[in-house]
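Notes to accompany the following structure.
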Amino acid sequence: MHTEQEISCPLARRDFLSKLAAAGTSLCFANSLLLSQLNAQEMQDEKTFKDNIAKVSTLSYEKILNFAFKALIAQLESVSKVIGRDKLIELLTNATDDAWFKKDVQKMFNASLDSNFWKNVLDLEVLEKSEERRIYKISNCLWAKTFREENAGDIGYAMWCHGDYAMARSNNEEMVRPKCLMKGDDCCHFEWTKKT
23 MHTEQEISCP LARRDFLSKL AAAGTSLCFA NSLLLSQLNA QEMQDEKTFK DNIAKVSTLS
83 YEKILNFAFK ALIAQLESVS KVIGRDKLIE LLTNATDDAW FKKDVQKMFN ASLDSNFWKN
143 VLDLEVLEKS EERRIYKISN CLWAKTFREE NAGDIGYAMW CHGDYAMARS NNEEMVRPKC
203 LMKGDDCCHF EWTKKT
């Protein structure tokens, strides 16, 4: 004969196992749901990253140029200690000349700018503008400010200002610049003349 405790024990175990199976099924379902949500979140994060990099920055033009160039200037200064300042300037000048002569580089650069870019980074005065001749005076330039603050006007000139000559040549123009902010002058004075 079985005692009451012996009879209820198998029932309690059966009840426990049934509840455990139900809980396990629920956990599997919850894990599956959680994993699908995590996968969706990963896909959302990827989409969000793409959306975020397309957003308009709230950084000022000055902060953008500082971010883009101040660390680079420090790196180039280190390179100049190894190869010499004159060699660095020569290499940068040649690379700039080669890059900015190419129409696709010019187009890529201009395509990446918004319509207000130039009026926010330069104080430019047009002194003369015709099909044959253009004369501009720039009294302030964010590139000159950025590089000169780091005592790297020569690097800035080699990397940026020298490119103006290459662009002029590629557009069948002759350019002279008797004054340049990057070199410490009070303005940049540009004169472009169409070659005949």
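Using this note's numbering, read the sequence shown as starting at 23 and increasing by one per residue.
Every residue, glycine too, gets a C-beta built ideally from N, C-alpha and C.
Rounded to whole angstroms, what's the CA-CA distance from residue i to residue j? Just pull it up for me.
i	j	result
L87	S58	42 Å
K103	L146	36 Å
L98	K151	37 Å
W244	A76	Outside the displayed range of the chain (23 to 218) lies residue 244, so it cannot be described from this structure.
L114	D176	10 Å
D186	K69	39 Å
E196	F123	13 Å
K159	I95	26 Å
L110	D119	14 Å
A180	K216	24 Å
D136	L81	14 Å
N193	F212	15 Å
V127	A121	7 Å
Report the option in the options whose CA atom is closest to the CA atom of residue i.
i	options	result
E112	N194, G178, F212	G178
E171	S79, A93, V78	A93
T218	R155, Y83, G106, D120	R155
G206	A166, N194, F91, V198	A166
V143	S161, I157, E153	S161
W214	D208, R191, M204	R191
F89	L164, H211, F212	L164
M189	K125, C209, V198, F169	K125
A117	N74, K141, H184	H184
Please list the terminal residues of the continuous beta strand (DSSP E) segment that includes residue i.
i	result
W182	Run containing W182: none; DSSP gives neither H nor E here.
What span of residues does the alpha helix (DSSP H) with residue i cover, start to end?
i	result
N88	83 to 105
N132	125 to 133
With 16 as the cutoff for other CB atoms within 10 Å, does residue i come out buried or exposed?
i	result
A133	exposed
M233	Any answer about residue 233 is impossible in this case: the structure gives the chain only from 23 up to 218.
L149	exposed
F139	exposed
Exercise. Which whole runs of the alpha helix (DSSP H) in the stretch 142 to 213 are 4 residues long or more, in chain order?
Worked result: 164 to 171, 175 to 178, 185 to 192
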